[in-house]
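Novice: Structure in structure tokens, see below.
Numbering (the working numbering), first residue to last: 1 to 321.
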């Protein structure tokens with residue numbers, strides 16, 4: 001979530017930055033909430049001061065054996081008003097929190113401007129796709145003879161699911177194991193096994209909620225609501241949520257292999273062929289918890305760790321900014 005002080009200090013800067021992402025920041029709505037918050041805070045602070053002042057008067061009066069009935073009546077009335085004001089302030093603060101949670105992150109100054117993936121800039125190209133003297137089949141056609149079964153996936157679960165069988169299922173498992181071994185043994189990550197179902201606080205912690213709830217699968221049981229993880233980044237990052245981490249313990253490098261679940265709510269009619277937009281897929285995730293001054297250095301390191309997998313498998317790729 002964006003630091004609210006940035007909006008309070010320079011909301012036009014935030015509006016301009018978010019507009020580059022196609023997001024229209026409602027400045028008037030934020031300022032209205034902020035003005036109401038300030039007014040309520042002043043009101044509650046005044047009531048607290050009055051209550052404290054009268055409480056002192058009550059103490060003095062009691063020390064002199066004087067009647068305190070009127071003072072007690074006044075302090076009780078102020079306490080009731082203060083309780084109501086604090087409740088109203090809490091409700092208003094929750095509205096502000098929801099407003100902030102729905103804002104996208106401010107893009108880094110190095111991020112290229114654009115409306116689609118076509119506007120990405122190529123940083124480098126490694127390797128070249130092989131040239132063949134025959135018409136190349138895609139993974140759907142090749143996989144049909146090697147255990148990639150979309151029809152069975154649809155039978156079991158519906159569209160955008162697949163079943164892997166035989167050697168293909170074994171290869172799927174082996175690749176995940178290979179990636180885990182590389183990240184743990186070569187790059188120093190700690191392997192983790194995490195839940196596939198998480199609560200809303202966990203998804204708020206990584207920004208999926210409330211912005212992307214439509215992309216999540218959820219289930220309710222005994223008045224509790226849980227969500228299937230869209231990536232193990234959600235669980236791994238939340239390891240340190242609400243925790244004080246010693247600087248001497250940094251960096252914390254975590255990796256996990258999990259299934260990921262996404263509803264792909266906005267992708268109707270897109271990439272309907274093959275495994276591009278499946279509701280369920282597996283992924284090996286990397287997360288580093290580092291000092292803020294080291295964050296971009298850690299990002300570049302993680303990119304290099306992902307690149308190592310591709311180069312070790314002799315797969316050509318492009319690195320985009």
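From the three backbone atoms N, C-alpha and C, an ideal C-beta is built for every residue, glycine too.
Remember, predicted model here, so these are calculated numbers, not experimental data.
What residues in its chain sit with their C-beta under 6 angstroms from that of residue 43, if we drop five residues either side in the sequence?
Specialist: Correct list, in chain order: 85.
Novice: Could you check the C-alpha separation between residue 72 and residue 232 for me, to the nearest Å?
Specialist: Put simply, the backbone Cα of residue 72 is about 56 angstroms away from that of residue 232.
Novice: Verify whether the separation of the beta carbon atoms of residue 192 and residue 239 is less than 9 angstroms.
Specialist: yes
Novice: Can you give me the C-alpha to C-alpha distance between residue 310 and residue 302, rounded to a whole angstrom?
Specialist: About 13 angstroms.
Novice: Just list the residues that DSSP pairs residue 258 with in beta bridges.
Specialist: 283, per the DSSP bridge assignment.
Novice: Quick one: complete beta strand (DSSP E) runs, 3+ long, within the segment 78-165?
Specialist: 122-126
Novice: Apart from the five residues just before and just after residue 47, which ones in its own chain have a Cβ nearer than 7 angstroms to its Cβ?
Specialist: 78, 81, 82 and 85
Novice: Whose C-beta lies closer than 6 angstroms to the C-beta of residue 104 among residues of the same chain, with five residues either side of it excluded?
Specialist: If we look at residue 104 and ignore the five residues flanking it on each side, its Cβ neighbours are 21 and 23.
Novice: Could you spell out where the beta strand (DSSP E) holding residue 209 opens and where it closes?
Specialist: Counting along the chain, residue 209 falls outside any beta strand (DSSP E), and DSSP gives it neither H nor E.
Novice: By alpha-carbon positions, which one of 146, 99 and 39 ends up nearest to residue 170?
Specialist: 146
Novice: Go ahead and pull the three-state DSSP assignment for residue 221.
Specialist: In the structure shown, residue 221 sits in a strand (DSSP, three-state: E or B).
Novice: Nearest-angstrom Cα distance between residue 94 and residue 100?
Specialist: 10 angstroms
Novice: Would a C-beta distance cut-off of 9 angstroms place residue 263 and residue 216 closer than the cut-off?
Specialist: yes
Novice: Near residue 6, what residues of its chain come up, given a Cβ to Cβ distance below 8 angstroms and the 5 sequence neighbours on each side ignored?
Specialist: 13, 14 and 106
Novice: By DSSP, does residue 193 sit in helix, in strand, or in coil?
Specialist: DSSP places residue 193 in coil when its eight states are reduced to three.
Novice: Check this for me: beta carbons of residue 199 and residue 220, under 9 angstroms apart or not?
Specialist: no
Novice: How about residue 274 and residue 172: do their beta carbons lie closer than 9 angstroms?
Specialist: no
Novice: Grouping DSSP H, G and I as helix and E and B as strand, with all else coil, what is residue 318?
Specialist: strand
Novice: Does residue 252 come out as helix, strand or coil in the three-state DSSP assignment?
Specialist: strand
Novice: Decide if residue 125 is buried, meaning its Cβ has at least 16 other Cβ atoms within 10 Å, or exposed.
Specialist: The C-beta of residue 125 has fewer than 16 other C-beta atoms within 10 Å across all chains shown, which makes the residue exposed.
Novice: Quick one: what does DSSP say residue 303 is sitting in, helix, strand or coil?
Specialist: helix
Novice: With three or more C-beta pairs closer than 8 angstroms as the rule, is the segment 249-258 touching the segment 275-291?
Specialist: yes
Novice: Just the Cα atoms here: how many angstroms apart are residue 17 and residue 293?
Specialist: 22 angstroms
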